[in-house]
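Comments concern the structure below.
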Amino acid sequence: MLLQNINSPDDLKKLPSSALKLLAKELRAVIIETVGKNGGHLASNLGSVELTIALHRVFSSPQDAIVWDVSHQCYSHKLLTGRYPSFQTIRQKDGISGFTRISESPHDYFDAGHASSSISSALGLLSAWRLQGKEDKVIAVIGDGALTGGMAYEALSHAGQLAKNLIVVVNDNKMSISPNTGSVSRYLSQLTSTAGYQNFRYKIDRLVDDIPYINRKLGKFIYRFKRGLKGLLLTNNLFIDLGFEYLGPLNGHNIQQLEQMFRRAKKMNRPVVIHVITKKGKGYRPAEHDPSTFHGVGPFNISDGLVEKFDTLSFTEVFSRKIVAMAAENPRICAITAAMSKGTGLDTFSRRYRSRFFDVGIAEEHAVTFAGGLAAGGMVPVVAIYSTFIQRSVDQIIEDIALQNRHVVMVFDRAGAVPADGETHQGIFDIALLRPIPNMTLLTVSSEKDMELCLDWAVSEADGPVAIRWPKMSCPSEIPAFTKPVMSGRGLLIKSSDFAPALSAALEDKKNADRIPAKPSRKNRKPSDILLVCTGSMYSETLTAARQLLLKDSGADIYVLRFLKPFDESYFISIADKYAAVVLIEDGVHVGGMAEYLERLIRRASRKGNSAATGILSFPDHFLSNGNREQILEEAGLSPKDIADMALKLLEGSK
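Take the sequence shown: its letter number 483 is residue 482 in numbering that gives the first Met the number 0, and every next letter is one higher.
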């Protein structure tokens, strides 16, 4: 196997050209096998195999820096830079990241996970090198989907003025997560029809290279001739207008052609854009036919491409069904997403209500402000974006939504702990970022019924901006308490007796195993001494902890925080002051979070007679790495055992 003998790009350079097709096949086989077991970004990585081989054969990483936008297409890069032995651990606990990571390799210059940043990062790195007299190349590899993000154009505009050693490779596969939309995608498609010009100019360049230098006038004439030819055959080329030399379009699966063009670009003393056409999912039929599904995918059956599903409905699926049903009744509802209609559950909406669906591309800032305009025009926009990506839109939420008190409903999928994607994708900052904003309403849902109630309230009864957050997981089992109507500022109190049937079953199992004696019936138990207060996304773990406490004969009730803002303080205190111990559980950061606020609230009330022992469990002040949901929560100290242990410790201290 060729791949086993490649420990660095230097080993790759030693291979004959005749072996590269086999190497590409091996790379695809390893990627498919590993992602089939671990999950990951499959389609984008299968499409960039030959591109990655050519880059590493022509340029000298890490002396030359290769900067991957989003970096979800970096699997071949990892395999060719010494990480083949550890590749089977990708996205796993204590394994390598599914994105570039500085701590893993000198070939990874940035920790990346969000789109449209590569050109800015590359330009900054290149400028630093220039100031230190370093003349190596920096190559930014950016997908066409990332070019829908405005930051990429800010960087392109700046780079054309000063970045002589910058090479921007535009990987054009007409896909981001969902199929690309908008004028940028159409523009790149138009450029792909200009191969005739490129072939003609290469012949001219080769002819000129053979002519001895005569004088500067000849050089100027040739340059003006080529510019005029571009103007005639390649009109309205944005990259040229920004000061770049444009090369392409190229077949992104032809290694020889790619190498030839990269060598030409390497010799140029000016910024260059190289336009490469690739096929997302290439080499694996299910991914070629359905690249959206196989963009970011969980474990799947390699033989037929069938993806593992949740045993029960996920929060995303519940949202999808509910928003479609609501839109059937309310023609003012419209939906907006940022290049992720399938991931956010809006794909069904997009098919049913095409005129009311807007995919703005990877442009979260625009999505939010666009929604404000829709609200100003009398519509009820629902903006669906992952929690980690809404971070880009905080200024727009403040200025264009909250300040003007626009009725925009924002829904944040992947809130809290996010499995496998690592540091860049944890949805743990939205609470601390949005709670301080005036006019903002922030809700956290805990079940299927709760989701439906909160969406109805947000669309039909709320006045002003509303944000609703939920995790990437299946909905917990329903219990009667969640059928209560939405009361502004209030959460849901669930008595330990509400989950007594599950307790009885657990006790029976324990008794049969002779581990512990049978406990007395619930009717003989004393009232609960412990209150577990949790955000909706942490309800499942909190319920498990409450059952563990009941098995230890410590009653624990649960207060689910439906409203994070506004918050009914007096109602909450009227509940909390009945307990000896209160544990505050939040799937957000500790600093500036909801739990921190509630702890101050309880302590302030304690000066008036309440003496509840209080503790906080929330995400610590550091970034969290790979792992499944259970592993991430355990690392953060938010597992059911952590919750139960803190409750018992507080209860013991209160006595």
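Where a beta carbon is used, it is the ideal one built from N, C-alpha and C, also for glycine.
Determine the closest residue to residue i out of the options, with distance taken between C-alpha atoms.
i: L442; options: F411, M472, T423, P418; result: F411
i: A326; options: Q630, H40, D455, S47; result: D455
i: V271; options: N164, T336, F356, D135; result: N164
i: G295; options: I30, L1, H71, Q547; result: H71
i: G304; options: L2, G280, Y108, E398; result: G280
i: I254; options: D68, F498, L11; result: L11
i: I239; options: R269, W128, A480; result: R269
i: T659; options: K471, E598, N625; result: The first residue shown for the chain is 0 and the last is 654, placing residue 659 beyond what the model contains.
i: R602; options: N627, A575, P484, H621; result: A575
i: K551; options: A643, G626, W469; result: A643
i: S487; options: R351, R561, P61; result: R561
i: K648; options: A580, K321, L237, G372; result: A580
Considering only residues of the same chain and omitting the five flanking positions on each side of residue i, which have a CB-CB separation below 7 Å?
i: S520; result: Below a pLDDT of 50, predicted positions are generally treated as unreliable, and S520, at 41, falls in that range; the measurement from the model is reported next regardless. Counting only Cβ-Cβ distances below 7 Å, and skipping sequence neighbours, we find nothing.
i: A154; result: I118, S119, L122
i: A635; result: F618, P619, L623
i: M260; result: L246, L249, I273
i: N4; result: D10
How far does the alpha helix (DSSP H) with residue i in it reach, from first residue to last?
i: V458; result: 447–459
i: I322; result: 314–328
i: S573; result: 568–575
i: R331; result: Counting along the chain, R331 falls outside any alpha helix (DSSP H), and DSSP gives it neither H nor E.
Closer than 8 Å by C-beta to residue i: which residues in its own chain qualify, once you throw out the five before and the five after it? Chain order, please.
i: L600; result: E568, F571, I572
i: A461; result: H406, V408, T440
i: S638; result: E540, E629, L632
i: A457; result: V408, T440, L442, V465, I467
i: N463; result: Looking at the sequence provided, one finds Gly at residue 463 rather than Asn. Contacts found: A401, N404, R405, H406, N438, M439, T440.
i: N179; result: Caution applies to N179, whose pLDDT of 49 falls short of 50 and renders its modelled position unreliable; the value that the coordinates give is listed next. Within the same chain, N179 has close Cβ partners D143, G144, T147, K173, A338, G360.
i: G35; result: P298, F299, N300, I301
i: E25; result: M0, L1, L2
From which residue to which residue does the beta strand (DSSP E) around residue i run?
i: K36; result: Premise fails: K36 lies in the alpha helix (DSSP H), 19–37, not in any beta strand (DSSP E).
i: N250; result: 244–250
i: K136; result: Per DSSP, K136 belongs to no beta strand (DSSP E) and is neither H nor E.
i: G587; result: 580–588
i: Y352; result: Here Y352 belongs to no beta strand (DSSP E), and DSSP marks it neither H nor E.
i: A555; result: 555–560
i: G614; result: 612–618
i: S274; result: It should be pointed out that residue 274 corresponds to His in this sequence rather than to Ser. 271–276 is the span of the beta strand (DSSP E), which, as asked, contains H274.
i: D171; result: 165–171
i: V66; result: 64–67
i: T534; result: 529–534
In the DSSP output, what is residue i paired with across the bridge?
i: R468; result: F411, T443
i: Y358; result: With the sequence shown as reference, residue 358 is identified as Asp, and Tyr is not the correct amino acid for it. DSSP lists T336 as partners of D358.
i: P437; result: Per DSSP, none; premise fails for P437.
i: Y385; result: D412
i: L491; result: V559
i: S473; result: S313
If you drop the 5 nearest sequence neighbours on each side, which residues of the same chain put their C-beta closer than 6 Å to that of residue i?
i: M537; result: I584, D586
i: I427; result: G587, V588, F618
i: T315; result: G344, D412
i: F318; result: G344
i: I30; result: N44, Y74
i: P475; result: S446, Y538, S539
i: A139; result: V66, S117, I118, A121, V167
i: S349; result: S340, F356
i: N523; result: Because the pLDDT of N523 is 38, which lies under 50, any placement of that residue in the model is unreliable, and the number read from its coordinates should be weighed accordingly. If we look at N523 and ignore the five residues flanking it on each side, it has no Cβ neighbours.
i: P370; result: Looking at the sequence shown, residue 370 is not Pro but Ala. Correct list, in chain order: I335, P380, V382, V407.
i: G81; result: N6, S7
Round the Cβ separation of residue i and residue j to the nearest angstrom and send it over; I've been treating them as touching at under 8 Å.
i: E244; j: V57; result: That belief does not hold up - the Cβ atoms of E244 and V57 are roughly 16 Å apart, past 8 Å.
i: D556; j: I493; result: 6 Å
i: V137; j: A64; result: 5 Å
i: T534; j: M593; result: 7 Å
i: L432; j: V393; result: 5 Å
i: S115; j: I361; result: 6 Å
i: L531; j: A646; result: 7 Å
i: I276; j: L249; result: 7 Å
i: N37; j: R90; result: 5 Å
i: F86; j: L79; result: That pair is no contact at about 11 Å.
i: E595; j: T613; result: At roughly 11 Å, the Cβ-Cβ gap does not stay under 8 Å, so E595 and T613 are not in contact.
Does residue i get closer than 8 Å to chain B when you measure Cβ to Cβ?
i: L21; result: Checking the listed chains, one finds no chain B in this structure; it contains a single protein chain.
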